[in-house]
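Trainee:
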Amino acid sequence: MANASGGGTIQLHEFAREFTLKIYTPGYGDWAVLGHSGNVEATFRCLATLCNPGDSILVEEWTFPSVLATAKPMGLKPVSVKMDGQGMTAADLERVLSTWNENLQGKRPHVMYTVPIGQNPTGAQMGAKRKLAIYDICVRYDIIIIEDDPYYFLQEGAYVPKALRPAKIQSQSEDVDDPEGFIKSLAPSYPKFDYQGRVIRLDSFSKIIAPGSRMGWFTCNPVFAERLDRLGETTTQAPSGFSQAIIIQLVAKQWGMKKFIRWLQDLRGEYTSRRDFIIDTIHELFDVLPSSGTSGESFPESLPSMIAYIKESTISESKDSKVVMNRKTPLFTFIPPTSGMFLWIKFHVGQYTILKPGETLTEHIFINLVKEGLLIAPGTLFSVNELESGEAFGRIAFSNGSREQLLEGLKVLERVMRKYTSGII
1 MANASGGGTI
11 QLHEFAREFT
21 LKIYTPGYGD
31 WAVLGHSGNV
41 EATFRCLATL
51 CNPGDSILVE
61 EWTFPSVLAT
71 AKPMGLKPVS
81 VKMDGQGMTA
91 ADLERVLSTW
101 NENLQGKRPH
111 VMYTVPIGQN
121 PTGAQMGAKR
131 KLAIYDICVR
141 YDIIIIEDDP
151 YYFLQEGAYV
161 PKALRPAKIQ
171 SQSEDVDDPE
181 GFIKSLAPSY
191 PKFDYQGRVI
201 RLDSFSKIIA
211 PGSRMGWFTC
221 NPVFAERLDR
231 LGETTTQAPS
241 GFSQAIIIQL
251 VAKQWGMKKF
261 IRWLQDLRGE
271 YTSRRDFIID
281 TIHELFDVLP
291 SSGTSGESFP
301 ESLPSMIAYI
311 KESTISESKD
321 SKVVMNRKTP
331 LFTFIPPTSG
341 MFLWIKFHVG
351 QYTILKPGET
361 LTEHIFINLV
371 KEGLLIAPGT
381 LFSVNELESG
391 EAFGRIAFSN
401 GSREQLLEGL
411 KVLERVMRKY
421 TSGII
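Read in order, the letters of the sequence shown are residues 1 to 425 in the UniProt record's numbering.
Pasting the structure below:
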């Protein structure tokens, strides 16, 4: 192994360049790769390099808590951009930038942080057309894009109901030994559209090889890479030498590129199976119907949202349409994620309980779930804007635990929701 530097070993650079060229195909030739100690540390380096105290940064209206926690002590102000089923919308990004008033709001943002695939926490996946539209806006307003993309290879596609799934599974299995087909099936990354070198892409091994490996790489223009490298020399100094030695030996030496891509195919299949299992189970434990409309801006019409009711709730047949309708107020709304490892839900049980002064519905639900043995991430962690006391969101992870544990967790959710409707809590 070569002597380590702030940007990682020669072997890490060689692998990252080959992989980036093959998978992401940057839109300009003079790009560089640089090792980092995980995407959170990489985000810190980006913000510390590109921003000054008092600057504003653009983020999705629901975003990764660590970037909010990183920005706050640096004196940075997150500015939310509205989302739909594909994540950040180009229309609202245009609105935010075109109506920016520097006299009232300070300097217009010049940095955008985004998680476009497996968006954390919503599970949204952004397609090529949307990315190109957002990139064009960033060109016009001179915005640097930080693309935090650790879930890129967990692109599961649309949820297919259990009864209709065999044909889908069979069609997926046909390309298991077709790495080129797998690569073509993936939504393109921002670097593909980047002809000006304004994208800093963050890759991580933590979600595709080993949790906690604290190792990944930047893809960006050489000017950014040199500055990020200098900052790394005064902070983490270098990605973990043990992680570099072990991971590069595995993916570059033992597996090689073809087998590594095959591993990524299998990984996507495993997460698709987990996603399907958790949504199948929700259908088994609750009455689940398609939403007849939107349930707030986080559940847009562009993707079909689902509403969950208590299983024994009264249903009746519509006289006009023969459609089975549930007349009870929903317990929670969700959109089946199309990528990533999270299920994002909005709770509707506020009518069943009286909150104490100063208490929020999010706190009330979170505490009662914990008492029953289920820990989910409260939505307030991800919110750029302050929620009203009666609003409640939560993120459920399906990345860890056995099928039995996932089932038990959803049974706890069903039990607590039943207690709300029964007036017990």
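Here a beta-carbon is modelled for each residue, glycine too, at the ideal position from N, C-alpha and C.
On a predicted model such as this, the values are computed, not experimentally measured, just so you know.
#1: Please state whether the Cβ-Cβ distance between P336 and I279 is less than 9 Å.
#2: Taking 6 Å as the limit between beta carbons, can you name the residues of its chain near Y141, skipping five residues before and five after?
#3: If we count the other Cβ atoms within 10 Å of its Cβ and call it buried at 16 or more, is K253 buried or exposed?
#4: G423 and F347 look like a contact to me (Cβ under 8 Å); what is the Cβ gap, rounded to whole Å?
#5: Distance check for I367 and A32, CA to CA, integer angstroms please.
#6: T380 to T360, Cα distance in whole Å?
#7: Could you tell me how far apart the beta carbons of E147 and T114 are, in whole angstroms, since I believe they sit closer than 8 Å?
#8: Determine whether the beta carbon atoms of M112 and Q119 lie at a separation below 9 Å.
#9: Could you tell me the distance, in whole angstroms, from the CA atom of H36 to the CA atom of D203?
#10: In angstroms, rounded to a whole number, what distance separates the CA positions of F218 and C46?
#11: Are there 16 or more other CB atoms within 10 angstroms of the CB of I354, so buried, or fewer, so exposed?
#12: List in chain order: all unbroken beta strand (DSSP E) runs of 3+ residues lying wholly within the region 372-404.
#13: Would you tell me roughly how many angstroms separate the C-alpha atoms of L34 and I23, rounded to the nearest one?
#14: Using the Cβ count rule (16 or more neighbours within 10 Å means buried), how would you classify P150?
#15: In terms of alpha-carbon separation, which member of Q265, G29, L93 lies closest to R108?
#16: What are the start and end residues of the beta strand (DSSP E) that includes K346?
#17: Let me make sure I understand the geometry here. Which of A238, T70, R227 has the alpha-carbon closest to that of T9?
#18: For I209, which residues from the same chain have a beta carbon less than 8 Å from its beta carbon, with the 5 sequence-adjacent residues on both sides left out?
#19: Reducing DSSP to helix, strand and coil, say where C46 ends up.
#20: Does DSSP put I145 in a helix, a strand or coil?
#21: Could you say if the region 274-288 and the region 39-56 meet the contact criterion of at least three C-beta pairs nearer than 8 Å?
#22: Compare the Cα-Cα distances from L264 to each of D178, V412, E233, K192 and report the closest residue.
#23: Give a yes or no on whether the C-beta atoms belonging to F334 and M306 are separated by under 9 Å.
#24: Flag this pair as yes or no: are the beta carbons of A397 and A377 separated by less than 9 Å?
#25: Use the C-beta contact count for R95: other C-beta atoms within 10 angstroms, 16 or more gives buried, fewer gives exposed.
#26: On the DSSP bridge list, what partners appear for K77?
#27: Less than 9 Å between the beta carbons of G87 and T122, yes or no?
#28: Spatial neighbours of T281 within its chain, please: C-beta separation below 8 Å, excluding the five flanking residues on both sides.
#29: Please confirm whether P65 and F382 have their CB atoms less than 9 Å apart.
#30: Could you check what DSSP says for Q125 in three-state terms: helix, strand or coil?
#31: Nearest to K207 by CA position, among L12, S339, H364, is which residue?
#32: If you measure between the beta carbons of I200 and I143, is that distance less than 9 Å?
#33: Where does T89 land, buried or exposed, given buried means 16+ other C-beta within 10 angstroms?
#34: Can the beta-carbon of T63 be found closer than 9 Å to that of P78?
#35: Quick one: what does DSSP say C138 is sitting in, helix, strand or coil?
#36: Can you tell me whether DSSP reads G256 as helix, strand or coil?
Mentor: A quick look at the data gives this:
#1: For the purposes of this step, residue 336 is identified with residue 336 of the sequence shown, where counting begins at 1. For the purposes of this step, residue 279 is identified with residue 279 of the sequence shown, where counting begins at 1. In this structure, the beta-carbon distance from P336 to I279 falls below 9 Å.
#2: Locating residue 141 in the sequence shown gives position 141, where the first residue counts as 1. Same-chain partners within the cutoff: L97.
#3: Taking the first residue of the sequence shown as position 1, residue 253 is located at position 253. Exposed.
#4: Counted from its first residue, the sequence shown places residue 423 at position 423. Counted from its first residue, the sequence shown places residue 347 at position 347. In fact, because the Cβ distance is near 16 Å, the residues do not count as touching under 8 Å.
#5: Position 32 of the sequence shown, counted from the first residue, corresponds to residue 32. Position 367 of the sequence shown, counted from the first residue, corresponds to residue 367. If you take the alpha carbons of A32 and I367, they lie about 47 Å apart.
#6: For the purposes of this step, residue 380 is taken as the residue at position 380 of the sequence shown. For the purposes of this step, residue 360 is taken as the residue at position 360 of the sequence shown. So the alpha carbons of these two residues sit roughly 10 Å apart.
#7: For the purposes of this step, residue 147 is identified with residue 147 of the sequence shown, where counting begins at 1. For the purposes of this step, residue 114 is identified with residue 114 of the sequence shown, where counting begins at 1. 6 Å between Cβ atoms; contact.
#8: Along the sequence shown, one-based indexing puts residue 112 at 112. Along the sequence shown, one-based indexing puts residue 119 at 119. If you check the CB distance, M112 and Q119 do not come in under 9 Å.
#9: Counting from one through the sequence shown, the residue named residue 36 turns up at place 36. Counting from one through the sequence shown, the residue named residue 203 turns up at place 203. One alpha carbon belongs to H36, the other to D203, and they sit about 9 Å apart.
#10: Position 218 of the sequence shown, counting from 1, holds the residue named residue 218. Position 46 of the sequence shown, counting from 1, holds the residue named residue 46. When the Cα atoms are used, F218 and C46 turn out to be separated by approximately 10 Å.
#11: Looking up residue 354 in the sequence shown gives position 354. When all chains shown are included, I354 counts as exposed.
#12: Within the region 372-404, the complete beta strand (DSSP E) runs of at least 3 residues fall at 393-397.
#13: Locating residue 34 in the sequence shown gives position 34, counting from the first residue. Locating residue 23 in the sequence shown gives position 23, counting from the first residue. Cα to Cα, L34 sits roughly 17 Å from I23.
#14: By one-based count along the sequence shown, residue 150 stands at place 150. Classified as buried, P150 has 16 or more neighbouring CB atoms from the shown chains inside 10 Å of its CB.
#15: Looking up residue 108 in the sequence shown gives position 108. Selected option, being the one with the closest Cα: L93.
#16: Taking the sequence shown and counting its residues from 1, one reaches residue 346 at position 346. Segment 342-347, the beta strand (DSSP E) holding K346.
#17: Residue mapping note: residue 9 aligns to position 9 of the sequence shown, counting from 1. For T9, the nearest C-alpha among the options comes from A238.
#18: The residue labelled residue 209 in the question sits at position 209 within the sequence shown. Contacts found: I247, L250, V251.
#19: On the sequence shown, residue 46 is found 46 positions in, with the first residue counted as 1. Under the three-state reduction of DSSP output, C46 falls in the helix class.
#20: On the sequence shown, residue 145 is found 145 positions in, with the first residue counted as 1. Strand.
#21: Counting Cβ pairs under 8 Å, fewer than three are found: no touch.
#22: Locating residue 264 in the sequence shown gives position 264, counting from the first residue. Ranked by Cα distance from L264, the first of D178, V412, E233, K192 is D178.
#23: Residue mapping note: residue 334 aligns to position 334 of the sequence shown, counting from 1. Residue mapping note: residue 306 aligns to position 306 of the sequence shown, counting from 1. Cβ atoms of F334 and M306: closer than 9 Å.
#24: The sequence position of residue 397 within the sequence shown is 397, counting from 1. The sequence position of residue 377 within the sequence shown is 377, counting from 1. A contact, by the Cβ cut-off of 9 Å.
#25: Taking the sequence shown and counting its residues from 1, one reaches residue 95 at position 95. With fewer than 16 other Cβ atoms from the protein chains shown falling within 10 Å of its own Cβ, R95 counts as exposed.
#26: Position 77 of the sequence shown, counted from the first residue, corresponds to residue 77. Paired residues: S56.
#27: One-based indexing of the sequence shown puts residue 87 at position 87. One-based indexing of the sequence shown puts residue 122 at position 122. Yes, the Cβ-Cβ distance between G87 and T122 is below 9 Å.
#28: Taking the sequence shown and counting its residues from 1, the one referred to as residue 281 is at position 281. Closer than 8 Å at Cβ, skipping near neighbours: L406, L407, L410.
#29: Along the sequence shown, one-based indexing puts residue 65 at 65. Along the sequence shown, one-based indexing puts residue 382 at 382. Yes. Within cutoff.
#30: To locate residue 125, count along the sequence shown from 1; it is residue 125. Strand.
#31: Along the sequence shown, one-based indexing puts residue 207 at 207. Ranked by Cα distance from K207, the options L12, S339, H364 are led by S339.
#32: If you number the sequence shown from 1, residue 200 lands on position 200. If you number the sequence shown from 1, residue 143 lands on position 143. Their beta carbons are not under 9 Å apart, which means I200 does not touch I143 by this criterion.
#33: Against the sequence shown, residue 89 aligns to sequence position 89. The residue in question, T89, is buried, as its Cβ has 16 or more Cβ neighbours within 10 Å.
#34: The residue you call residue 63 lines up with position 63 of the sequence shown. The residue you call residue 78 lines up with position 78 of the sequence shown. A contact, by the Cβ cut-off of 9 Å.
#35: Sequence index remark: in the sequence shown, residue 138 carries index 138 (1-based). DSSP, read as helix, strand or coil, puts C138 in helix.
#36: For the purposes of this step, residue 256 is taken as residue 256 along the sequence shown, with counting starting at 1. Note: G256 maps to helix in three-state DSSP.
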